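Which chain is which? The protein sequence lines are F and E, in order. Note that UniProt numbering has the first sequence beginning at 1, numbered continuously upward. Note that UniProt numbering has the second sequence beginning at 1, numbered continuously upward. Everything on this sheet refers to the single structure shown next.
Protein chains: 2
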Amino acid sequence: HAHQPNDVIRKIVLTIDTMNPRVKNVEYAVRGPIVQRAMQIEKELREGLKKPFTEVIKANIGDAHAMGQQPITFFRQVLALCSYPELLNENMFPEDAKNRARRILHACGGGSVGAYSASQGIDCVRQDVACYIERRDGGVPCDPDNVYLTTGASDGIVTMLKLLVCGEGASRTGVMISIPQYPLYSAALAELGAVQVNYYLNEEKCWSMDLSELESSLAEARKHCNPKALCIINPGNPTGQVQSRQCIEDVIRFAAKERLFLMADEVYQDNVYAEGCQFHSFKKVLFELGPEYSDNVELASFHSTSKCYMGECGFRGGYMEVINMDAEVQAQLSKLVSVRLCPPVPGQALMDLVVNSPQPGEPSHITFMKERTATLSLLAEKAKLTEQILNTVPGITCNPVQGAMYSFPNISLPEKSIKEAKALGQAPDMFYCMNLLEETGICLVPGSGFGQKDGTYHFRMTILPPTDKLKILLAKVKEFHQKFTQQYS
Amino acid sequence: HAHQPNDVIRKIVLTIDTMNPRVKNVEYAVRGPIVQRAMQIEKELREGLKKPFTEVIKANIGDAHAMGQQPITFFRQVLALCSYPELLNENMFPEDAKNRARRILHACGGGSVGAYSASQGIDCVRQDVACYIERRDGGVPCDPDNVYLTTGASDGIVTMLKLLVCGEGASRTGVMISIPQYPLYSAALAELGAVQVNYYLNEEKCWSMDLSELESSLAEARKHCNPKALCIINPGNPTGQVQSRQCIEDVIRFAAKERLFLMADEVYQDNVYAEGCQFHSFKKVLFELGPEYSDNVELASFHSTSKCYMGECGFRGGYMEVINMDAEVQAQLSKLVSVRLCPPVPGQALMDLVVNSPQPGEPSHITFMKERTATLSLLAEKAKLTEQILNTVPGITCNPVQGAMYSFPNISLPEKSIKEAKALGQAPDMFYCMNLLEETGICLVPGSGFGQKDGTYHFRMTILPPTDKLKILLAKVKEFHQKFTQQYS
């Protein structure tokens with residue numbers, strides 16, 4: 001084993017030259033350099049430094065509560081009861097909140113959310129998840145043994161990839177991911193040493209999936225690796241589209257024909273805003289295609305407490321359901337998750353409440369529905385507003401935000417700005433977003449952090465800021481874009 | 001890429017033959033086959049099946065609340081306040097609990113524990129951790145920038161190993177771990193493809209570390225891999241020893257001389273029971289050895305909310321502190337943790353309370369101290385009781401349980417039972433523990449799940465059951481051991 005000369009001088013073991021090179025290849029734009037600079041600017045503002053703005057507006061991450069969205073009262077009541085069961089003796093909470101808390105606590109070791117749960121998740125929570133999936137999918141059966149609670153959806157996705165990825169050289173596992181993608185995927189693939197196989201979403205057709213693109217991407221990949229899995233994010237992140245039923249059918253037929261393991265990231269399943277759009281779960285469509293597909297195609301689908309109307313990112317709750325997984329492999333999956341003991345129990349409790357929310361006739365039902373509807377309506381409004389205002393800007397083209405929490409508009413950048421960016425060693429849209437941040441305090445993530453067709457530029461912007469701030473943000477982006485275009489023309 | 005014939009028949013992608021072989025190599029005894037059988041037996045008992053016992057007593061895992069330990073009132077009050085801040089308006093909570101909750105909420109995005117935190121953890125929590133470490137270590141400075149909050153200690157340990165492990169063939173990274181070990185280490189090393197380098201603890205000297213053993217283990221390992229790191233668990237899991245200050249000094253000097261990155265798993269730092277034993281943090285000893293060591297030796301130390309007097313495993317809270325880490329590597333670490341967004345925020349809040357507990361003069365201080373002391377005194381009693389009773393059994397030899405939560409007694413097994421186990425393809429102590437479980441309902445983990453010297457046999461038993469149950473458990477173990485010895489003699 002070689003010692004680098006600088007190790008000897010500094011007498012340390014772990015240097016940039018000796019560390020795991022796969023970790024060095026990891027990139028995660030959503031919390032990358034632009035966000036670090038935004039945090040620095042916030043600190044500068046607090047310290048009294050003069051800027052052309054008084055606050056940083058962060059539209060870089062799907063973090064609803066940080067943007068002022070209020071938690072669902074019922075959820076938080078039950079969580080408080082689970083944390084401090086003495087509160088069950090008080091008269092301040094509705095009976096349905098108390099019942100949910102009692103049921104969860106009864107399922108916990110020693111009646112405490114401080115005990116480890118089963119590694120796959122608390123039994124009754126997995127049963128509730130199974131019932132929820134059956135209701136959602138019009139009765140398609142769901143076996144709680146196929147449900148695994150997770151530490152957010154990210155944890156489930158990485159766990160599935162760990163099972164799939166192996167091999168070296170031409171037999172290295174390839175995993176197909178959409179471009180633009182959510183960078184958890186590229187980061188996990190880099191860390192695991194898998195081949196990232198890109199397929200491009202069709203921006204002209206509202207970020208839909210093209211069968212011909214999937215086919216050519218796969219054919220190309222097969223020349224140098226072993227593609228095993230196909231990942232889909234629906235509703236889309238960062239692109240905000242909602243895939244049509246037809247498209248999902250096509251993808252399933254493609255996966256069956258080409259023998260690919262499907263991974264469906266469906267964490268935005270309640271975030272559908274556009275007229276005529278509807279969420280179709282991959283599982284439901286799979287079963288509607290009949291036993292030729294439903295008995296054979298392997299599918300893992302992922303959900304989370306972090307998005308939809310609840311936006312409870314901090315609790316790191318989630319689940320995955322696996323379908324048609326080989327029994328021996330599933331035993332390996334169960335063993336693998338046991339090493340990390342269990343997902344956080346408060347997150348499991350929250351996941352339970354999401355799939356087992358107050359029902360008609362229960363005391364909390366009306367308030368719950370009011371809060372849920374208000375949040376989703378507001379998001380729908382902001383989705384529309386974002387699309388409309390961005391499309392008034394010459395040089396910005398924005399697809400409808402049909403779902404999820406993001407717009408991913410195409411931005412025309414003047415040649416001179418592209419040259420200047422390249423001279424600085426920056427991606428042109430990173431240069432654009434950095435300038436936007438410095439001049440306006442608005443924090444967006446450049447399209448290059450998600451991937452995009454060569455020669456096109458984008459940014460991802462969440463629709464989460466409160467309406468008044470969102471309007472300011474959009475007006476500032478408009479003004480900035482015009483100024484930037486002029487400046488570099 | 002080769003298709004296995006059975007893949008074609010079953011038309012599935014992911015089989016035991018095509019999956020990641022590293023995952024197949026993972027083993028985790030603490031939740032292994034014996035625990036699965038215990039859960040099955042519990043189900044059988046519920047269904048009315050007759051057994052020679054009426055309940056399963058689980059002493060397989062360090063899960064205090066599951067064994068009836070009560071949570072610390074103050075911690076749970078603050079967690080309830082954080083979950084449902086409306087409670088701040090009620091008069092039912094002490095002012096110090098409200099103040100802690102307000103401080104934590106103020107540090108959360110949008111004032112909600114449902115927002116993502118910074119990936120490294122909430123700023124003020126990391127500051128509180130740093131103050132705690134400074135107090136604990138008699139003023140040795142701690143920089144909050146070197147503190148990373150984690151999803152339990154396991155998460156921190158795996159993250160550090162990810163940075164360290166790389167290479168193929170003779171340059172594969174080797175990581176030294178104690179035998180017996182906590183099987184998270186072997187599991188993580190298997191998954192990452194590192195070489196597990198065993199060093200044996202000295203059972204005759206109460207599971208202490210021998211310098212000569214470290215030296216010979218390292219010399220041997222250097223013939224076929226690149227040993228980079230040395231892991232220590234102190235107080236010990238599964239062996240319950242507390243390392244002396246001298247021993248820690250020796251280990252640090254050894255790491256410095258041999259240029260090994262130190263990983264100190266110190267999650268049991270408050271669990272020290274034996275007269276004359278004291279917890280010495282690796283960091284404190286490192287700094288007391290002077291700048292030759294404190295400026296050079298790289299150390300990561302790990303703590304958690306799951307053990308000590310709080311036992312809050314379900315919240316998955318923890319932190320790690322890194323010392324003398326190369327700045328570029330630390331930037332990579334910060335990037336790596338950002339991919340998983342953040343540790344669970346309720347677990348971060350709980351970690352904050354552990355390091356910033358009620359102080360003299362605060363309204364909750366007396367109750368807090370009473371609860372803390374009662375729990376630790378009871379554990380000390382049970383540690384003593386376990387050692388004493390086990391040592392009355394002919395054929396069982398138990399070292400003092402100086403700390404942590406486990407005894408790891410040596411058991412003599414009759415030759416005939418060893419033969420019978422081998423005929424069944426089982427480790428002899430697995431055969432023993434399985435028989436114990438079937439006959440008495442007691443669930444222990446065989447020593448083979450942790451590693452032990454060839455030809456010796458052990459089991460790990462937690463000291464956590466309530467005293468009355470612990471006494472029954474120990475009496476049953478005694479009776480069983482005598483019967484088993486007779487039966488196979």
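Virtual Cβ for every residue (Gly too), placed ideally from N, Cα, C. Source: prediction; values computed, not measured.
Residue-chain proximity (residue i, chain E), Cβ-Cβ < 8 Å
{"i": "glutamate 42(F)", "result": "no"}
{"i": "isoleucine 16(F)", "result": "yes"}
{"i": "aspartate 63(F)", "result": "yes"}
{"i": "histidine 1(F)", "result": "Reliability fails at histidine 1(F), whose pLDDT of 42 lies under 50, so the model's placement of it is uncertain and no value is given."}
{"i": "valine 329(F)", "result": "yes"}
{"i": "leucine 336(F)", "result": "yes"}
{"i": "serine 212(F)", "result": "no"}
According to DSSP, residues forming a beta bridge with residue i
{"i": "phenylalanine 261(F)", "result": "Ala229(F)"}
{"i": "lysine 58(F)", "result": "Cys443(F)"}
{"i": "valine 147(F)", "result": "Glu321(F)"}
{"i": "serine 489(E)", "result": "Serine 489(E) is not bridged to any residue."}
{"i": "tyrosine 199(E)", "result": "Ser178(E)"}
{"i": "leucine 336(E)", "result": "Paired residue(s): none; leucine 336(E) is not in a bridge."}
{"i": "alanine 374(E)", "result": "Answer is none; alanine 374(E) lacks a bridge partner."}
{"i": "asparagine 391(E)", "result": "In the DSSP output, where bridge partners are listed per residue, asparagine 391(E) has none listed."}
{"i": "arginine 460(E)", "result": "Val445(E)"}
Minimum Cβ-Cβ distance from residue i to chain F less than 8 Å
{"i": "valine 23(E)", "result": "yes"}
{"i": "asparagine 146(E)", "result": "no"}
{"i": "alanine 475(E)", "result": "no"}
{"i": "asparagine 296(E)", "result": "yes"}
{"i": "aspartate 96(E)", "result": "no"}
{"i": "proline 5(E)", "result": "With a pLDDT of only 47 at proline 5(E), under 50, the local geometry of the prediction cannot be trusted, and the value read off the model is given with reservation. It does not: the Cβ of proline 5(E) has no partner Cβ on chain F nearer than 8 Å."}
{"i": "glycine 361(E)", "result": "no"}
{"i": "proline 428(E)", "result": "no"}
{"i": "asparagine 324(E)", "result": "yes"}
Proximity below 8 Å, CB of residue i to CB of residue j
{"i": "glycine 449(E)", "j": "alanine 29(E)", "result": "yes"}
{"i": "arginine 316(E)", "j": "proline 344(E)", "result": "yes"}
{"i": "asparagine 20(F)", "j": "leucine 164(E)", "result": "yes"}
{"i": "serine 412(E)", "j": "cysteine 398(E)", "result": "no"}
{"i": "glutamine 402(F)", "j": "glutamine 181(F)", "result": "no"}
{"i": "leucine 105(F)", "j": "cysteine 131(F)", "result": "no"}
{"i": "asparagine 410(F)", "j": "histidine 458(F)", "result": "yes"}
{"i": "lysine 476(E)", "j": "threonine 440(E)", "result": "yes"}
{"i": "proline 71(E)", "j": "glutamate 387(E)", "result": "no"}
{"i": "threonine 159(E)", "j": "tryptophan 207(E)", "result": "no"}
{"i": "alanine 97(E)", "j": "glutamine 77(E)", "result": "yes"}
Residue i versus the options, residue with shortest Cα-Cα distance
{"i": "isoleucine 232(F)", "options": "Ile248(F), Thr18(F) and Ser357(F)", "result": "Ile248(F)"}
{"i": "isoleucine 396(E)", "options": "Arg460(E), Leu81(E), Asp123(E) and Lys382(E)", "result": "Arg460(E)"}
{"i": "lysine 416(E)", "options": "Val267(E), Tyr488(E) and Glu215(E)", "result": "Tyr488(E)"}
{"i": "aspartate 295(F)", "options": "Lys283(F), Thr456(F) and Arg22(F)", "result": "Lys283(F)"}
{"i": "valine 297(F)", "options": "Leu336(F), Thr15(F), Pro363(F) and Val251(F)", "result": "Val251(F)"}
{"i": "glutamate 220(E)", "options": "Met263(E), Gln243(E), Glu204(E) and Gly174(E)", "result": "Gly174(E)"}
{"i": "isoleucine 463(F)", "options": "Lys370(F), Ala404(F) and Ala264(F)", "result": "Ala404(F)"}
{"i": "alanine 59(E)", "options": "Arg46(E), Ala38(E), Phe279(E) and Leu79(E)", "result": "Ala38(E)"}
{"i": "phenylalanine 254(E)", "options": "Glu438(E), Glu213(E) and Val267(E)", "result": "Glu213(E)"}
{"i": "methionine 310(E)", "options": "Asp429(E), Leu45(E) and Gln69(E)", "result": "Gln69(E)"}
{"i": "methionine 351(E)", "options": "Ile16(E), Ile323(E), Leu14(E) and Ala101(E)", "result": "Ala101(E)"}
{"i": "methionine 67(F)", "options": "Val13(F), Gln348(F), Lys382(F) and Arg103(F)", "result": "Lys382(F)"}
{"i": "tyrosine 84(F)", "options": "Phe74(E), Leu88(E) and Glu86(E)", "result": "Phe74(E)"}
{"i": "glutamine 246(F)", "options": "Glu55(F), Leu211(F), Glu266(F) and Pro414(F)", "result": "Leu211(F)"}
Proximity test, Cβ basis, 8 Å: residue i and chain C
{"i": "threonine 151(E)", "result": "Chain labels in this structure do not include chain C; the protein chains are F and E."}
Next item on the list: Please confirm if the region 283-303 of chain E is in contact with the region 418-435 of chain E, defined as three or more CB-CB distances below 8 Å between the two stretches.
Entry: Taking a cut-off of 8 Å for Cβ pairs, the region 283-303 of chain E and the region 418-435 of chain E do not touch, as fewer than three such pairs fall below it.
Next item on the list: Specify whether the region 374-394 of chain F and the region 138-156 of chain F touch according to this definition: at least 3 beta carbon pairs, one from each stretch, less than 8 Å apart.
Entry: By the Cβ rule, the region 374-394 of chain F does not count as touching the region 138-156 of chain F, because fewer than three pairs are nearer than 8 Å.
Item checked: Cβ contact (3+ pairs, closer than 8 Å) linking the region 90-97 of chain F and the region 316-329 of chain E -> Because the criterion of three Cβ pairs below 8 Å is not met, the region 90-97 of chain F and the region 316-329 of chain E do not touch.
Notebook entry, point to check: Is the region 362-370 of chain E touching the region 251-265 of chain E, taking contact as three or more C-beta pairs under 8 Å?
Noted result: At 8 Å Cβ cutoff, the stretches do not touch.
Notebook entry, point to check: Quick one: any contact between the region 178-196 of chain E and the region 134-142 of chain E, if contact means 3 or more CB pairs under 8 Å?
Noted result: Two segments are said to touch when three or more pairs of C-beta atoms, one from each, lie closer than 8 Å; by this definition the region 178-196 of chain E does not touch the region 134-142 of chain E.
Notebook entry, point to check: Quick check: the region 297-306 of chain F against the region 101-116 of chain F, are there 3 or more CB pairs under 8 Å?
Noted result: Under the three-pair Cβ rule at 8 Å, the region 297-306 of chain F does not count as touching the region 101-116 of chain F.
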